[in-house]
Each structure stands twice: as structure tokens, then as C-alpha cells.
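Reading through the C-alpha cells given below for one structure.
Chains as they are written, first to last, in this note's numbering: chain R, 938 to 1111; chain C, 15 to 151.
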């Protein structure tokens, strides 16, 4: 009788310990650098995928967060280091995504653009979109909100068949 | 049935715990600001200054700036980022449970947004006022 009871206690203890550790990890997951990048950068604009800019561009951007296109976007030292490392490792010239290679081949020499919307690759990919849709569209405040027209932007899906430009029914015909 | 009752009780308990946590985050921050010297401004002061306009810096010319530029005058409503146009979730904890639950996040945004609106960081007295105003919403 004694042994089973002890066994029961031990197994209960293990079950509790497992339960507690699971509950703990579910409540406070250590954010991966990728999740941290998404969370921090997407508060103000689309968390641009790292493959859109070369590593040197990301290094410059992340070193100047106190003056980030006219705003203070400073992060804690730990978050800044983790996100920089993530962006550099997955940058256009370092990462494995084929779009990175296209971004790089559209750049001449050793340019380090700071604005995605000014990179030759992004300009080329949008050349079919009439300027009037961008310029005089009150619903489009800035091109930095990729998700305004690309519903899958947050997950890196920029499929042109899914594009929906706010305030425009059929942008290809308008 | 008993299980359902139990899950409801547990859920209710968790929600209460979350509320208490949010309250203690705010109280701890206020106590810290208080400890820095001068008495804190109150929620009324913050409300009166919420829409007060400050000129844009000379190197970034543009429209005058205030808290309400992005967060609007209704803290229970969604706001809009002044530059990018991206939606900002409501600040009022009564409609957005995630607000005021993490001290680090609160300080991060005070630093960023005071710098944007005022061109300097807020004092503990000012932060105390705004924190009391936002948490009352």
C-alpha cells in the first residue's frame, strides 16, 4: 500500500512540475530575434523583411534609431543587438531568400540605401502602378505601410494578384 | 458541468490577476516618479495638456505636434501614426487590456513620444500625470 501511494505522489509531483514549467514557458516565451523584429518594427510600419536591404544598410539604420526618419525609435540595448544581428544575418547580401539576390543585383556598386522605397528593386517592382494612385490617394499616407496594399506583407507575401489598393477598385484599369 | 464552472472560475481568476498586475505596474512607476522629488502632475493636468500643440523641430519642418496628433482625443478609439498612417491600438486600458502592463514598454514609449512632441524627454512629474490620465481611461 505504501509503495503505490509514494509512486502516486512522485508522479503527481512530476505532473505538477511539467505543468508549471509549461505554463511558465507559455506565459513568458523568450522572444526569438525574428519575433522581436516583427513585434518592435511593426508598431509603426511594416516590419520589412531583412532581404530587402544589404547588411550595411541595416547596420546604419539600427545604429541611428534615436533619429529614425524624423522620429525617436530607440530600443533597449539587448533588443537592439538581437534585432541588428537578425537583420544582418538575413540581409539581401547574406540571407538565403532569392529576393535578396535580386535586390543586390539591382543595386550598383556598394550602395547602402536607407529607405526601402528608394531601392532600385522596389522601384522596378512598382513601375506598373500609376503615380496618381500613390500621390493623390488620401488613403495611402506613405509607401512604408506595405500592408496597406499587400495583405500578406507581414509574412513576406507580395504576390501581385493579391494587391488591393485602398480607394481604387481595379488599379490596373483605372 | 463542474468542469465548465471550474474553467470559468480559473479564467476569472486569471483575468483578475492580470488586472492586479497592470495596476501594480502603474503604481510602481508612479512611486518611482514620486521618489524623484517634485510632486507629480495629476490626470487633470495631463488631460488639459493632451492636445497642447508644440512646433515641429527646425530640421524636420511640418505641422505642430501633440499627443492627440497620433492618439486622437478619444483614448478609447484607434489612433493613426502621423507619418506612416499605420493604425495604433487604443491607449485606454478599459478597452485594450494590453496597455500599461509592462513598465519597460511604457518607458520606451514615453521616451520616444515625448521626444517627438516636445523635442525632449518628459520629466517624472509629467510622466506621472500622463500615466494617471491614461490609466483612468
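Glycine residues also receive a C-beta, built at the ideal position from the N, C-alpha and C atoms.
Original post:
Along chain R, in chain order, which residues have C-beta atoms closer than 7 Å to that of residue 130 of chain C?
Top reply: 1008, 1009
Original post:
Which word fits residue 986 of chain R, buried or exposed, when buried means at least 16 other C-beta atoms lie within 10 angstroms of its C-beta?
Top reply: buried
**OP:** Would you identify the three-state DSSP class for residue 61 of chain C, choosing helix, strand or coil?
**Re:** helix
Subject >> Where the stretch 61-85 of chain C meets chain R: residues whose CB sits under 7 Å from a CB there >> reply: 74
Original post:
For the putative contact between residue 56 of chain C and residue 117 of chain C, defined by C-beta atoms under 8 Å, what is the C-beta separation to the nearest angstrom?
Top reply: In fact, because the Cβ distance is near 20 Å, the residues do not count as touching under 8 Å.
Original post:
So does the stretch 1093-1107 of chain R actually touch the stretch 119-134 of chain C, counting three or more Cβ pairs closer than 8 Å?
Top reply: no
**OP:** To the nearest angstrom, report how far apart residue 95 of chain C and residue 1008 of chain R are at their CA atoms.
**Re:** 11 Å
Original post:
Using the rule of at least 16 other Cβ atoms within 10 Å of the residue's Cβ for burial, across every protein chain shown, is residue 113 of chain C buried or exposed?
Top reply: buried
**OP:** Find out if the Cβ-Cβ distance for the pair residue 1049 of chain R, residue 989 of chain R is shorter than 8 Å.
**Re:** no
Original post:
Going by DSSP, what residues sit across from residue 68 of chain C in a beta bridge?
Top reply: C:79
Original post:
When DSSP labels each residue in this structure, what does residue 982 of chain R get in the three-state scheme?
Top reply: coil
Original post:
Any contact of the stretch 1080-1091 of chain R with the stretch 971-984 of chain R, i.e. 3+ C-beta pairs under 8 Å?
Top reply: yes
Original post:
At least one CB of chain D closer than 8 Å to the CB of residue 134 of chain C: is that the case?
Top reply: The structure shown contains no chain D; its protein chains are R and C.
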